[in-house]
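Numbering (my numbering), first residue to last: 17 to 595.
By construction, the Cβ of each residue, glycine as well, lies at the ideal position given by its N, Cα and C atoms.
Predicted model, so just to flag it, every value in this text is computed and none were measured.
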Amino acid sequence: MKHSYEATSLRDRLCGSLDANDVGAIVSVCGWVAKRREHGEHLAFVDLRDHSGLLQVVVEGSVDVRSEYVLRVTGTVSLRPEGTINDKIATGSVELTGCSVEILSAAEAPPFQLDDRSEIDEQIRLRYRYLDIRRSQMQKNLRLRAKVNSAIRAAMDRQGFCEVETPLLWAPTPEGAREFVVPSRLHPGEFYVLPQSPQIAKQLLMVGGFDRYFQIARCLRDEDLRADRQFEFSQLDLEASFVTQDDILDFVSEAVLDAAEVATGERPTTIETMTWQFARDNFGTDKPDLRFGMLIKELSDVFATTEVKAFSAPCVRGIRVPGGAEFSRSRLDALTDRAKELGAKGLAWFRVTEGGLDSPLDRFLNDAEREAIRTLDDSETGDLVLVVADDYALACKVLGTLRTDLGSPPVSAGPHRYCWVTEFPMFEGLDEDGNPVSAHHPFTMPHPDDVDRLESDPLSVRSQAYDLVLNGWELGSGSVRIHRADIQSRIFAILGITEEEAESRFGFLLGAFRYGAPPHAGFAFGIDRLVAIFAGEENIREVIAFPKTQSGSDLMTGAPKSIGDKQLKELRLKPQAKV
RNA sequence: GGACCUGUGGUGCAGCCUGGAGUGCACGCCGCCCUGUCAAGGCGGAGGUCGCGGGUUCAAAUCCCGUCAGGUCCGCCA
17 MKHSYEATSL RDRLCGSLDA NDVGAIVSVC GWVAKRREHG EHLAFVDLRD HSGLLQVVVE
77 GSVDVRSEYV LRVTGTVSLR PEGTINDKIA TGSVELTGCS VEILSAAEAP PFQLDDRSEI
137 DEQIRLRYRY LDIRRSQMQK NLRLRAKVNS AIRAAMDRQG FCEVETPLLW APTPEGAREF
197 VVPSRLHPGE FYVLPQSPQI AKQLLMVGGF DRYFQIARCL RDEDLRADRQ FEFSQLDLEA
257 SFVTQDDILD FVSEAVLDAA EVATGERPTT IETMTWQFAR DNFGTDKPDL RFGMLIKELS
317 DVFATTEVKA FSAPCVRGIR VPGGAEFSRS RLDALTDRAK ELGAKGLAWF RVTEGGLDSP
377 LDRFLNDAER EAIRTLDDSE TGDLVLVVAD DYALACKVLG TLRTDLGSPP VSAGPHRYCW
437 VTEFPMFEGL DEDGNPVSAH HPFTMPHPDD VDRLESDPLS VRSQAYDLVL NGWELGSGSV
497 RIHRADIQSR IFAILGITEE EAESRFGFLL GAFRYGAPPH AGFAFGIDRL VAIFAGEENI
557 REVIAFPKTQ SGSDLMTGAP KSIGDKQLKE LRLKPQAKV
C-alpha cells in the first residue's frame, strides 16, 4: 500500500514498505547503505536502509559504495529467486533489480556500527547522537514518542481542552526545585528563570476564562540528574475550572489510556485508586509498583514489649522475599548496606528454613516473635524475611526501596499497572524554623474533612492532591487548587509565609485571584517517563533525541560552554574562577 | 556534597585478583579474490599515550594515591 507521505520528488517509496504486491513496479528509493556484499565484478548486494526498514538492492557489476553512503536507487521490484528469500526482514521476499545507483552523499566509516547487534557505550552514542538516532531502536523510540504525543493531543482536543503556550522566560519564584537562570541584557543584573512547570501560568489562564487548558510543556529544573530525570522534560500540563478531583482524574485517564492504546495496541481496562496512606502502609512508598507482591507487613504489636534491643522502635515491619533464603552472606551484607544508605540503623534478615529461622538474631527471639517472623506474609521454607525497626517513615522508605530493588521486574517485562494515589498529606515534616512544608505546593486545597485541623494539627491534614503512578514510576501529580483568599491566607500563615512575603513572591497570582477566580484543579504528567515505559526502556535518555549526561553535559555540542567576553560584558556578568 | 561500578586499536570484550615484551577474541576498516549473498565467504594488511597525573617496584594495563569522563544510587527533585 502506497502512502502519500512516502513519495517525494526523489523517491517513490520507503525501503521497508515494499513487498510481493509491488512486484513489477519501477521505483526509486532513497536511504543509507546498511551493508554491502560484493561478489566480484559481476554482482553486488546493497542493503539500503531508511527509517521504515531494509531493502536489498541487486547491482549487476561492481558498485563503489561504502557503509552509510546516501543513495538514490531506481530499479524494478522483483521477487527473489527461489531459495534466496530472507525471512528475517520484512521486505525479504523481494529485491530491487536492474538498478541505477546515484550517490547522493558519500560517508566516512562511522565510529560505531549502526546495526542492532552491538551494544555501544553510551558515551560514544551521545557524542555521535546524530548517528545513534539513525539506528532502528532509536527511530522506534522517538517515533513512538511522536505517536504518544499525538494521541494525547487528540484526547485533550476531544475533551474540549484548548492548547495555550506559556512563557519560557518567567519570573523567579523561589519555591521548590532550583530554577535555571537567564540573565537579562536589557536589564543588567536582573534575571528571568526558565519555568520548572507552568503551574502559576495555567492558574492564571483559569482566571482568564480558559476553563480547559492543556499544553505539552517543556519544564526545566536545575537539579541533579537520574535515570528518570533530565534538566528539561516534557509534561502534559492541564488545568480545568468548575471541576472536582474526579473530573481531573477522568480527563487524565482518558489521555493516558489513549496513549497506552496507541503505544501498546491494548487499552488498559482499569486504573486502580488507593490512598496515600494505604500505599505507604503496604508498599512503603507513594509510588507503588503493583506488578508484584512482597507487601510490607506490620510487626509492631508483636515487638511492642520485645527484649530484642534491635527491635525496640516505634515501628517494626517486614517483607517476605520469595526464595531469598538462598542469598549469600555477601548479598545479605549488600542489602544491609543499602538499608543503611537509606538511613536505617540496620537490617535484620531471617532465612526461613525447615526447622525455623536461620539468622544471627534468632536466638534473641521469644516464641511468639519467632512465629510471627516465620509466618510473615505466609512465608515458606526457602524464603527470606527482612525486618526493619525504626520510625514509621524510615521503615517505609527502607522496606519500600528493598522491595522494589529485589522484586521489581524489568521495565520491558512486566505488565502496565496504573494507579492513582489520592489524599496526599497537606504537609510533610517541618523546616528548620519549625514550619510545616508543603507536600505538593502552597496552592493545594486541603481535604474538606480536615480543614478544621489546619492550625491545631497541620501534619494530620490531608490535601486534595493526587499522583498517577505506573509500574512504580511517578508519572505526574496534580491537585485541586485554592481559589479562596481566606484559605490561601491560612495556608501561608501555617507555612510561615508573611503577607509581605507572599505578595512579593506570588503577588501577581494573588492579585489575579482578587478579580474572580473560578474553582479549578489540574494535573501534569511526564511524557518522557510514560514513553520510556511504553518503549521498555529503563532510562528516559533512550526516548529523548538529544539528552544530557548525568553531570549535565551534552557530549555532542559540548554544552555547557563558556561564552565570550563580549557577551559577558553585554550581560554585565563576571564569572568567578573555578575553585 | 557522598557511595559504588566502568574506562585496553574505530567498536564490543578478555587480560587486572596473583606485576614480567601491547598478548588474545569478535566486529569494523584497507587491499586482493569471488555471479545469489543477506551476521556472505577466502587470503593478506593497517591500526594502541591500556582515560590522565603521580607513587611503589629491577619491572605497572595489572598494586597504591589523586584526577577526569560515563553510568547507577544517596542527598536533592514544592
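What are the boundary residues of the beta strand (DSSP E) that residue i is part of?
i    : result
G527 : First-last for G527: E515 to F529, but that is the alpha helix (DSSP H), not the beta strand (DSSP E).
I42  : I42 to H55
C115 : V110 to S121
V197 : F196 to P199
S346 : Here S346 belongs to no beta strand (DSSP E); instead the alpha helix (DSSP H) covers R345 to E357.
A106 : No beta strand (DSSP E) holds A106; DSSP gives it neither H nor E.
D581 : That residue, D581, is in no beta strand (DSSP E); its alpha helix (DSSP H) goes D581 to E586.
R545 : Not the beta strand (DSSP E): R545 falls in the alpha helix (DSSP H), residues I543 to A551.
R307 : Neither: R307 is in no beta strand (DSSP E) and is coded neither H nor E.
F327 : Counting along the chain, F327 falls outside any beta strand (DSSP E), and DSSP gives it neither H nor E.
V453 : P452 to S454
W365 : A364 to V368
V209 : F207 to L210
A233 : R228 to L236
Hey, how far is the Cα of residue i from the Cα of residue j?
i    : j    : result
E118 : T90  : 8 Å
I510 : N451 : 7 Å
I596 : A106 : Nothing in the structure corresponds to residue 596, since the chain is present only between 17 and 595.
E98  : G32  : 21 Å
M17  : D262 : Here M17 scores only 48 on pLDDT, less than 50, and its place in the model is too uncertain to base an answer on.
L546 : P535 : 29 Å
A320 : P330 : 8 Å
R588 : P190 : 23 Å
W292 : E554 : 25 Å
S109 : V74  : 13 Å
Q583 : A551 : 42 Å
A341 : T369 : 8 Å
P458 : V403 : 36 Å
D148 : A50  : 14 Å
R201 : V268 : 40 Å
L484 : H456 : 14 Å
D394 : D302 : 25 Å
Q566 : V272 : 28 Å
A279 : I549 : 10 Å
E248 : E255 : 21 Å
F522 : I216 : 9 Å
I14  : L381 : In this structure the chain extends from 17 to 595, so residue 14 is not present and cannot be described.
L525 : K104 : 60 Å
G309 : F299 : 9 Å
C115 : R151 : 25 Å
E396 : L486 : 30 Å
H203 : E586 : 10 Å
L26  : V43  : 10 Å
Are the CB atoms of residue i and residue j nearer to each other than 8 Å?
i    : j    : result
I560 : Q246 : yes
F508 : L475 : no
A600 : V332 : Shown here, the chain extends from 17 to 595; a query on residue 600 therefore has no answer.
G359 : L410 : yes
G494 : G538 : yes
G176 : R133 : no
G225 : R307 : no
K218 : D253 : yes
R29  : M572 : no
L64  : G47  : yes
P441 : S472 : no
L95  : A41  : no
Could you give the first and the last residue of the continuous alpha helix (DSSP H) run that contains residue i?
i    : result
Q293 : W292 to F299
F508 : A501 to L511
I216 : Q215 to V223
T260 : Premise fails: T260 is in no alpha helix (DSSP H) and is neither H nor E.
Does the beta-carbon of residue i, which I'm using as the reference point, lie nearer than 7 Å to any heavy atom of the ligand GTP?
i    : result
I507 : This structure does not include the ligand GTP; it has no bound ligands of any sort.
Exercise. Give, in chain order, every unbroken run of the alpha helix (DSSP H) that is at least 4 residues long and sits entirely within the segment 131-158.
Key: 138-143 and 145-148
Quiz prompt | Meets three-Cβ-pair contact criterion under 8 Å: the segment 373-385 and the segment 315-333 | solution = yes
Quiz prompt | the segment 419-427 / the segment 362-378 touching (three or more Cβ pairs under 8 Å) | solution = no
Quiz prompt | contact_flag[the segment 161-174, the segment 228-245] where n(CB pairs < 8 Å) is 3 or more | solution = yes
Practice problem: Check whether the segment 79-90 touches the segment 119-126, counting contact only when three or more Cβ pairs, one atom from each stretch, lie closer than 8 Å. | Solution: yes
Practice problem: Only counting runs of 3 or more residues, tell me where the beta strand (DSSP E) segments fall wholly within the segment 380-445, in order along the chain. | Solution: 400-406 and 434-438
Quiz item: Are the segment 193-208 and the segment 149-162 touching, with three or more C-beta to C-beta distances below 8 Å?
Solution: no
Self-check item: beta strand (DSSP E) segments (min. 3 residues) lying fully within the segment 59-85
Solution: 59-66 and 69-76
Quiz item: Which runs of the beta strand (DSSP E) spanning at least 3 residues fall entirely within the segment 464-488, listed in chain order?
Solution: 481-486
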